[in-house]
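Residue numbers (this note's numbering): 82 to 187.
Using N, Cα and C, we set each Cβ at its ideal position, and we do this for glycine too.
Just so you know, these numbers come straight off a predicted model, no measurement behind them.
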């Protein structure tokens, strides 16, 4: 499966997960935000780069597992909400809670 096909399937999975997921996926499509896989520290689940890209950590996910694993969808919604302007209220509510849901600790 190539990167573009995987990204479409992943964003579709995110948009079907919840109302916030649908909004985050729509925002990513509208703003041409690239979603991909990149290796990072083990304590990182997903992260933004300066170039409008969101990456899932290859230490924890593969392209196939990201489509099946609910945590991969949740990470996109949570990390995406930190960047998505319409989700600011959602993100503000999350800041009142512990940060552990954002970090993927295996």
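State buried or exposed for residue i, treating a residue as buried only when at least 16 other CB atoms are found within 10 Å of its CB.
i, result
"residue 155", "buried"
"residue 85", "exposed"
"residue 133", "exposed"
"residue 92", "buried"
"residue 96", "buried"
"residue 104", "buried"
Measuring CB to CB, does residue i end up less than 7 Å from residue j?
i, j, result
"residue 136", "residue 119", "yes"
"residue 158", "residue 101", "yes"
"residue 140", "residue 152", "no"
Can you pull the DSSP bridge partners for residue i?
i, result
"residue 136", "117 and 128"
Which residue wins for smallest C-alpha separation from residue i, given the options the options?
i, options, result
"residue 121", "138, 99, 108 and 115", "138"
"residue 125", "87, 160 and 88", "160"
"residue 130", "140, 117 and 123", "117"
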